[in-house]
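J.: Quick one: the structure is below, and I'll ask about it shortly.
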Amino acid sequence: MAIQVSRPRSFDRATLRGARSGNEIAMGLRCSSRWSGHEFTAVSGNWMHAAVLGEADGVEIVCVHGLGVSHRYYLPLARELASAGLCAVALDLPGFGRSRGPATALGVRGLSLALAGWLRASGREGAPLVANSAGCQVVVDLAVHAPEAVGPLVLIGPTMDSSARNPVRQIVRLLLDVPFERPSVWAVFAGDYARCGLRRAWATFGHLLADRIEDKLGGVLTTVAVVRGQHDPIAPGRWTTFLANGLSDAFCVQVPAAGHVAQYSNPAAVARIVVDMVS
Numbered sequence: 009m010a011i012q013v014s015r016p017r018s019f020d021r022a023t024l025r026g027a028r029s030g031n032e033i034a035m036g037l038r039c040s041s042r043w044s045g046h047e048f049t050a051v052s053g054n055w056m057h058a059a060v061l062g063e064a065d066g067v068e069i070v071c072v073h074g075l076g077v078s079h080r081y082y083l084p085l086a087r088e089l090a091s092a093g094l095c096a097v098a099l100d101l102p103g104f105g106r107s108r109g110p111a112t113a114l115g116v117r118g119l120s121l122a123l124a125g126w127l128r129a130s131g132r133e134g135a136p137l138v139a140n141s142a143g144c145q146v147v148v149d150l151a152v153h154a155p156e157a158v159g160p161l162v163l164i165g166p167t168m169d170s171s172a173r174n175p176v177r178q179i180v181r182l183l184l185d186v187p188f189e190r191p192s193v194w195a196v197f198a199g200d201y202a203r204c205g206l207r208r209a210w211a212t213f214g215h216l217l218a219d220r221i222e223d224k225l226g227g228v229l230t231t232v233a234v235v236r237g238q239h240d241p242i243a244p245g246r247w248t249t250f251l252a253n254g255l256s257d258a259f260c261v262q263v264p265a266a267g268h269v270a271q272y273s274n275p276a277a278v279a280r281i282v283v284d285m286v287s
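Each residue of the sequence shown is one higher than the last, beginning at 9 in our numbering.
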């Protein structure tokens, strides 16, 4: 797959290498996991966690997770990006994974403000962002209120489809997606949901349903790849095409042999899209 795109003005490869902010601790520590390092960055008085894998001098790709999950399901994609000479930095949003959050679940704007704060504190403003599912809503919101914080975007399976914006339809679509995911991803999901708690996940789900990503497209000024797995019922082709058409500089890509979590079920194909975006 060879995709030619123009690099947005906000993307400067040189700024994404080298030393990081003094707000971070535990950078590059060897841990028992399969990631090469873990960071904890102070953002508004709280620590936000990110897992790192790849070349220290490689272009950094920031990965933003979906509802209830964490950095962990980005590991297959991180391995592919590392093998291509890039560095994957998979963030845990507040209340998910290893990042502590407030007692009350944050809405989309609250999560995107936290992401903006983390990008600034860690010295990663302008980095390319890869997001999956609900993470796409957070990243698009960020691109609207803090355009200087984002580089090119890769939106994988963006939610919420305007024709199915209610809990029942979304849950039915999630069940339809089960056969098209690698079975091991469900064990990752189970552990992550147990960690964040069903109450927080459900409250966040409500915020996501109320968020109208389609109303924000005109404010996104960077280059965007709208990606969907070939068999994704949560983000159907009609919806992803609609989103791409509403953006000023975007294109659609379909990943073969993949469901909603395309970066896990076919990480090599998604990695090629990311590499083409930043090359």
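From the three backbone atoms N, C-alpha and C, an ideal C-beta is built for every residue, glycine too.
All figures in this text were calculated on a predicted structure; none of them were measured in a lab.
1. What three-state label does DSSP hand VAL158 in the structure shown?
2. In terms of DSSP beta bridges, what is TRP55 paired with?
3. Specify, as a first and last residue, the run of the alpha helix (DSSP H) that GLY66 falls within.
4. Is the beta carbon of ALA252 closer than 8 angstroms to that of ASP169?
5. So HIS46 and VAL67 are in contact, right, with Cβ under 8 angstroms, and what is the actual spacing, rounded?
6. Taking ASN253 as part of the alpha helix (DSSP H), name the residues at either end of that continuous run.
7. Using the beta-carbon count (16 or more within 10 Å), is GLU156 buried or exposed?
8. Which of the three DSSP states is assigned to ILE164 in this structure?
9. What is the rounded straight-line gap between the Cα of ALA172 and the Cα of ASP65?
10. With three or more beta-carbon pairs closer than 8 angstroms as the criterion, would you say the segment 89-106 touches the segment 270-285?
11. Let me know the secondary structure DSSP gives VAL77 once reduced to three states.
12. With distances taken from CA atoms, which of ARG208, GLU222, LYS224 and ALA265 is nearest VAL77?
13. What do you get for LEU121, buried or exposed, if any count of 16 or more other CB atoms within 10 angstroms of its CB means buried?
14. Please confirm whether LEU217 and PRO175 have their CB atoms less than 8 angstroms apart.
15. If you draw a straight line from the C-alpha of TYR272 to the C-alpha of PHE250, how long is it?
16. Determine the DSSP secondary structure at LEU83, reduced to helix, strand or coil.
17. Considering only the beta carbon of each residue, do PRO160 and THR231 sit closer than 8 angstroms?
18. From GLY199 to ASP100, what does the alpha carbon distance come to, in whole angstroms?
19. If you follow the beta strand (DSSP E) that GLY105 is part of, which residue opens it and which one closes it?
T.: Let's see:
1. strand
2. ALA50
3. Segment: none, GLY66 is in no alpha helix (DSSP H) and carries neither H nor E.
4. no
5. So it is not a contact: roughly 20 angstroms between Cβ atoms.
6. 245-254
7. exposed
8. strand
9. 43 angstroms
10. yes
11. coil
12. ARG208
13. buried
14. yes
15. 24 angstroms
16. helix
17. yes
18. 14 angstroms
19. Taken as a continuous stretch (DSSP letters only), GLY105 belongs to no beta strand (DSSP E), as it is neither H nor E.
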